[in-house]
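Asker: Questions regarding the structure given below will be posed in turn.
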Amino acid sequence: MKIIVHNDKCQGHARCWAMAPNIFELDDEGYIKPGDIDVAEADEKLAWKGAKSCPERALEIGK
Ligand code: F3S
Numbered sequence: 577m578k579i580i581v582h583n584d585k586c587q588g589h590a591r592c593w594a595m596a597p598n599i600f601e602l603d604d605e606g607y608i609k610p611g612d613i614d615v616a617e618a619d620e621k622l623a624w625k626g627a628k629s630c631p632e633r634a635l636e637i638g639k
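Counting the sequence shown from 1 gives a position; this note's numbering is that position plus 576.
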């Protein structure tokens, strides 16, 4: 599974990171780092929750 990161929508809420800091990395200013995220099968549920926790819908769930 892949998380498609829309950096233009990220406002630095960091809810994704709070949910799964190993999956969602933030830059020094607290915004999600650019680039799509490849998620291991074992982490899919957590990644899904983290992506859904973003109030800006910056994290799209891909395949
Ligand atoms: Fe950004 Fe949303 Fe995470 S606003 S820091 S992608 S919770």
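Cβ atoms here follow ideal geometry from the backbone N, Cα and C, with glycine treated the same way.
Less than 7 Å between the CB of L635 and some heavy atom of ligand 1, yes or no?
Answerer: Indeed, a heavy atom of ligand 1 lies less than 7 Å from the Cβ.
Asker: Less than 7 Å between the CB of I580 and some heavy atom of ligand 1, yes or no?
Answerer: The answer is no for I580.
Asker: So is the beta-carbon of L622 under 7 Å away from any non-hydrogen atom of ligand 1?
Answerer: Flag unset: Cβ of L622 not near ligand 1.
Asker: Assuming E636 is part of the beta strand (DSSP E), what are its boundary residues?
Answerer: It spans 635-637 - the beta strand (DSSP E) in which E636 sits, taken as one unbroken run.
Asker: Return the first residue and the last residue of the alpha helix (DSSP H) that K625 is part of.
Answerer: K625 -> alpha helix (DSSP H) spans 620-628.
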